[in-house]
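Peer 1: According to this note's numbering, the residues represented by the sequence shown are 615 to 713, in order.
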Amino acid sequence: MEEEPIQIQPFVTLQNGSRVTPRQLEFITEIKGSRFVGVKKPGRGILILKDTQPQMEEENSGVIKDQGIEMTEEHKALADALLSNNNDPKPPEPFEWNF
Numbered sequence: 615m616e617e618e619p620i621q622i623q624p625f626v627t628l629q630n631g632s633r634v635t636p637r638q639l640e641f642i643t644e645i646k647g648s649r650f651v652g653v654k655k656p657g658r659g660i661l662i663l664k665d666t667q668p669q670m671e672e673e674n675s676g677v678i679k680d681q682g683i684e685m686t687e688e689h690k691a692l693a694d695a696l697l698s699n700n701n702d703p704k705p706p707e708p709f710e711w712n713f
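#1: Starting from K664, follow the beta strand (DSSP E) in both directions and report where the run begins and ends.
#2: Among the residues of its own chain, which have a CB less than 6 Å from the CB of I662, if the five just before and after it don't count?
#3: Going by DSSP, name the residue or residues bridged to F650.
#4: If you compare alpha carbons, which of L639, K664, F641 and P636 is closest to G647?
Set out below in structure tokens:
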């Protein structure tokens with residue numbers, strides 16, 4: 615029996631990636647050596663991240679670019695449409711939360 619090749623599911627990196635829905639929870643994993651790590655284990659709701667390398671300049675490259683995943687033209691068009699929507703409010707300025 616011939617095995618079907620594994621197909622990578624296309625995805626889009628959202629601008630507000632800190633909000634997690636219950637259906638997304640099972641797919642969240644911590645990547646060892648990541649610059650930003652969760653303060654607590656992944657849970658529902660808002661994720662609070664800690665910068666483990668604050669001396670480095672922030673880089674906003676997307677997950678898709680980092681993993682070398684190519685999207686189809688249809689998904690690129692959808693991502694562009696989502697990202698071009700300028701009706702969203704501006705994100706808050708960076709801040710520190712002392713526990």
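Cβ atoms here follow ideal geometry from the backbone N, Cα and C, with glycine treated the same way.
Peer 2: In this structure, then:
#1: In the sequence shown, residue 664 corresponds to position 50, counting from 1. Where K664 is concerned, the enclosing beta strand (DSSP E) stretches over L663 to D665.
#2: In the sequence shown, counting from the first residue as 1, residue 662 sits at position 48. Non-local beta-carbon contacts of I662 in its own chain, meaning distances under 6 Å to residues more than five positions away in sequence, involve V653 in chain order.
#3: Sequence index remark: in the sequence shown, residue 650 carries index 36 (1-based). DSSP output for F650 lists D665 as bridge partner(s).
#4: To locate residue 647, count along the sequence shown from 1; it is residue 33. Of L639, K664, F641 and P636, the residue nearest in Cα terms is K664.
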